[in-house]
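To convert a position in the sequence shown, counted from 1, into our numbering, add 1.
The beta carbon of each residue, even a glycine, is placed where N, CA and C say it ideally should be.
Step one of this worksheet: look at the structure below.
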Amino acid sequence: MSNLFYQTKSARPVLDRAEGIYMWDTSGNRYIDGSSGAMVSNIGHSNPAVLAAMRAQMDKSTFGYRLHFQTESSEELARRTAALAPEGLNKVFFVSGGSEAVESTLKMARQYALTQGQAQRYKVISRMPSYHGCTLGALAITGYAPMTAPFDPMMRAMPKVPAPRAYLDGLDPDDPETGRHYADMLEARILEEGPETVLAFIVEPVGGASTGALVPPEGYMRNVRDICTRYGVLLIHDEVMTGGGRTGRFFGAEHWGVTPDLIALSKGFGGGYVPLGAMVARDDIVEAVMQAGGFVHGFTYAGNPLACAAGLAVLDQIEQHDLTGNAARMGAALTDRLRGLMQRYPLIGDVRGKGLLTAFELMADRATRAPLPKELNAHSRLVDIAYDNGLIIYSRRTRGGLSGDHFLVCPPLIVDETQLDEIAGILDRSLAQFMTEIPAPAGR
Ligand code: PMP
């Protein structure tokens, strides 16, 4: 009997080792890591150069408290991160994960408002559905009732606007009017709340766990930027999942040429080698807060030399092997394969994504977008079947809203075409098996 407990109901096999896109359990079974864990292991497992860099750092020091020492690796990683960030965002604050990165953006935004004499600004608008982390601050801006409901009385209710799920609302995502339509809802909400009370709007450039690789409709990101600027609302990009090259650009928002005020980064930034995350912020925001007495925030393990040395080595891999470019190319190739499956399985109602942040969604009826019955538990059943067939994928059912069972297929950015064939082959077999389990007429 294990002393550990997590959410999963059934115990999983014990992990033995991992290399590249593959993982092995202690019984010798091999799995393709088709979701990079939770979209984390972007450069693949056990990369020798990263391990060597970590060993070299370990031989020198593993921890130096940030208020006692500067370290070479944290200075250098901050410099490299700022160089990759949009112009004007050169200030980096290290943390150990995505929730911490998001919390940091919220608190930096709030302290900045105080320096501007805008103490009445505290509301952070986010989207429904959305996921921004599990700490209470990040949870308050998360739009996903199964995770937020138990804690509602402990959190300040924050305003939500609908995520731009054009495919569910029967709107054309390529029509700029669609992007405007969803952005208008943000503007209406800001006006309803009172613009002088709204601190920030937070958005994932490409949706992750909650919306399953939702790509914003044409014009949405630009309109959102303009609206935030108009009302003095800070724009936060949650790039925890999209950052680090996964979407085919280093930052997901680069696809739309939009510059936020604050960015949250994690997951692929540490690549699964160490817990690592960062907030990247506009210079003048940080300068104002520092001049006013400093940022009242910080985590003990933040910016430790080992994590930063690993982060630097991960960045080297992304840049030296053009993994961002490979994500764009392999993302297109994976999308083609998923579209091929969509032609053969009417159950697949949508295929979407950018780069290797790719997903498909199961529906009972493509035309009406009707979801599969909840009792089918498709989101967990198909994942289990694929797992038994040697492929790990990541799923969510964001019901309560509109979306159905979606599945993120997000292998490490080092994946090649042959491996994509292998992934598509296992998905094909797994879908066929799933079809035999569900009663007609669902999906047929
Ligand atoms: N933001 C986004 C967009 C995420 O996908 C996640 C993790 N799924 C988080 C924040 C929280 O990150 P963590 O689990 O590392 O705290």
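Asked                                                                                                                                                               : Found
G89: which of D153, I286, G304 and F70 sits nearest, CA to CA?                                                                                                      : I286
When the Cα atoms are used, what is the spatial distance from V93 to C229?                                                                                          : 22 Å
Grab the span of the beta strand (DSSP E) containing R128 for me, first residue to last.                                                                            : K124 to M129
For D26, which residues of its own chain have a beta-carbon under 7 Å away from its beta-carbon, when the five flanking residues on both sides are left out?        : P14, V15, L16 and D17
Is R157 buried or exposed, if buried means 16 or more other CB atoms sit within 10 Å of its CB?                                                                     : exposed
Taking the alpha-carbon positions, what's the W257 to S28 distance?                                                                                                 : 46 Å
Along the chain, where does the alpha helix (DSSP H) containing S100 start, and where does it finish?                                                               : G99 to T116
Kindly provide the ranges of any alpha helix (DSSP H) runs that are 4 or more residues long and lie completely inside the segment 349-392, ordered along the chain. : 379-389
Is the beta carbon of Y145 sitting closer than 8 Å to the one on S127?                                                                                              : no
Roughly how many whole angstroms lie between the Cα atoms of E194 and V125?                                                                                         : 11 Å
From T106 to S75, what distance separates their C-alpha atoms?                                                                                                      : 19 Å
Just list the residues that DSSP pairs H133 with in beta bridges.                                                                                                   : According to DSSP, which records beta bridges pairwise, H133 is partnered with nothing at all.
Would you say V241 touches the ligand PMP, meaning its beta carbon is less than 7 Å from a heavy atom?                                                              : yes
So F435 is in the alpha helix (DSSP H); what residue range does that whole segment cover?                                                                           : E418 to E438
Is the beta carbon of M155 sitting closer than 8 Å to the one on L137?                                                                                              : yes
Does the Cβ-Cβ distance between M222 and A254 come in under 8 Å?                                                                                                    : yes
Should V297 be labelled buried (16 or more other beta-carbon atoms within 10 Å of its own) or exposed?                                                              : exposed
Comparing alpha-carbon positions, which option in L277, D170 and A282 lies nearest C309?                                                                            : L277
In chain order, what residues of the same chain have a beta carbon less than 7 Å from the beta carbon of L85, not counting five sequence neighbours either side?    : F251
So, helix, strand or coil for G402, using DSSP?                                                                                                                     : Confidence in G402 is poor, its pLDDT being 48 and thus under 50, which makes the residue's placement too unreliable to answer from.
For Y7, verify whether its CB is less than 7 Å away from any heavy atom of the ligand PMP.                                                                          : no
Under 8 Å, do A54 and L313 count as touching if we go by C-beta distance?                                                                                           : yes
According to DSSP, is F95 part of a helix, a strand, or is it coil?                                                                                                 : strand
Could you give the DSSP three-state label for D34: helix, strand or coil?                                                                                           : strand
Which residue's Cα is closest to the Cα of N305: Y7, L348, N4 and T72?                                                                                              : T72
Would you say A365 faces chain D, with C-beta separation under 8 Å as the test?                                                                                     : As a matter of chain content, chain D is missing from the structure shown, which is built from one protein chain.
When the Cα atoms are used, what is the spatial distance from P174 to E219?                                                                                         : 6 Å
CA-CA distance, L403 and E320?                                                                                                                                      : Caution applies to L403, whose pLDDT of 48 falls short of 50 and renders its modelled position unreliable; the value that the coordinates give is listed next. Cα-Cα distance, rounded: 39 Å.
Heavy atom of the ligand PMP less than 7 Å from the Cβ of H133, yes or no?                                                                                          : yes
Restricting to Cα atoms, I'd like to know which of A114, L169 and E104 is closest to I203.                                                                          : E104
Nearest-angstrom Cα distance between F488 and L307?                                                                                                                 : With the chain covering 2 to 445 only, the question about residue 488 has no answer from this structure.
Starting from E73, follow the alpha helix (DSSP H) in both directions and report where the run begins and ends.                                                     : E73 to L85
The ligand PMP heavy atoms versus the CB of S100: any closer than 7 Å?                                                                                              : yes
Assign L335 to one of three DSSP states: helix, strand, or coil.                                                                                                    : helix
By DSSP, does A293 sit in helix, in strand, or in coil?                                                                                                             : coil
Using the Cβ count rule (16 or more neighbours within 10 Å means buried), how would you classify F361?                                                              : buried
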